[in-house]
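What follows is a short report on a single structure.
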Amino acid sequence: MKCDLCGSKRNYIKDHEHIFTIKGKKLRFISPRRFCSKCGNLVYDADLDNKASLKAIEEYSKLYGVPKESIVELRHHLNLSQKLFSKIIGCAKKTLVSYEKGASLPNDNDLIIIKSLLAKPETIVTLVTANKEQFKNKEYNKIQNKLEDYIGNNIKN
Ligand SMILES: [Zn+2]
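If you're matching positions, the sequence shown starts at 5 in the working numbering and goes up one per residue.
Take a look at the structure:
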C-alpha cells in the first residue's frame with residue numbers, strides 16, 4: 005500500500021475519529037485506519053475503509069434507524085422468508101438481504117414500514133391485505149397460513 009500524496013510505502017494503523025454525515029445527520033465514531041509514516045496522509049486500505057463505512061451505517065442505525073438485528077428478529081418473529089418479507093415490505097429481496105447484513109440503510113419508505121412493524125407486528129396483516137394483488141395465489145395462501153399462526157398465538161397470549 006502506497007501513499008497517494010508522497011509515494012512512501014511505510015505506513016501504520018491507528019484509531020481515527022471519523023465524522024460522517026449520513027442523510028444530513030452528523031455521526032462521530034472511532035475506527036482504525038491506515039496512515040502514511042512519512043507525511044501522515046490517510047492511506048487507502050480496502051478492508052479498513054470498508055469496516056469504517058459499515059461502522060458508520062451501524063452508528064446511524066443505532067441513533068436514527070433500525071439495527072440490522074431488529075430486522076432479522078422481526079422477520080423470524082413473523083416466521084417469514086426473506087423472499088416473502090421483502091415482497092410484503094415492497095422492496096427487492098437483495099435489498100432486504102443488504103439491510104439484514106447492515107451493508108445498506110433502509111430507505112425512508114422501507115424504514116417507516118419496518119419501524120411500524122416493530123412497534124405493532126400485527127400491522128403486517130393490514131399490509132398484506134392491502135397489497136393482495138402483488139402476490140401469487142400460492143404465496144398469498146402461504147403468507148396467510150404463517151400469519152394465522154402468529155395472530156393465533158397473540159390471542160392466546
Ligand atoms: Zn505520504
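Cβ coordinates follow ideal geometry from the N, Cα and C atoms, glycine included.
Chain C within 9 angstroms of residue i, Cβ atoms only
i	result
Ile75	Within the model displayed, chain C is absent; a lone protein chain is all it includes.
Outcome for residue i when other beta-carbon atoms lying within 10 angstroms are tallied against a minimum of 16
i	result
Leu88	buried
Pro110	buried
Cys10	exposed
Leu67	exposed
Glu21	exposed
Val70	buried
Lys72	buried
Tyr108	Rather than Tyr, the amino acid found at residue 108 in this sequence is Ser. Exposed: under 16 other Cβ atoms inside 10 Å.
Inter-residue Cα distance where the pair is residue i and residue j
i	j	result
Thr133	Lys98	23 angstroms
Cys7	Tyr48	8 angstroms
Ile147	Leu84	8 angstroms
Phe24	Ser57	9 angstroms
Leu151	Leu115	21 angstroms
Thr95	Ser12	The sequence given here places Cys at residue 95; Thr does not occur at that position. Cys95 and Ser12: Cα-Cα distance of roughly 46 angstroms.
Asn113	Ile92	13 angstroms
Phe139	Lys59	36 angstroms
Asn145	Ile117	22 angstroms
Tell me whether the segment 49-69 and the segment 27-36 touch, counting them as touching only if at least three CB pairs, one residue from each stretch, are closer than 8 angstroms.
yes
Any contact between the segment 50-57 and the segment 68-84? By contact I mean 3 or more CB pairs, one from each, below 8 angstroms.
no
Using 8 angstroms as the cut-off, can you tell me whether the segment 15-27 makes contact with the segment 38-48, which would need three or more C-beta pairs spanning the two stretches below that distance?
yes
Just jot down, in chain order, the residues whose CB lies closer than 6 angstroms to any heavy atom of ligand 1.
Cys7, Leu9, Cys10, Ser12, Cys40, Lys42, Cys43 and Asn45
Runs of alpha helix (DSSP H) lying entirely within the segment 11-54, each at least 4 residues, in chain order:
none
Jot down the residue ranges of each uninterrupted alpha helix (DSSP H) in the segment 89-118, minimum 4 residues, whole runs only, in chain order.
97-105
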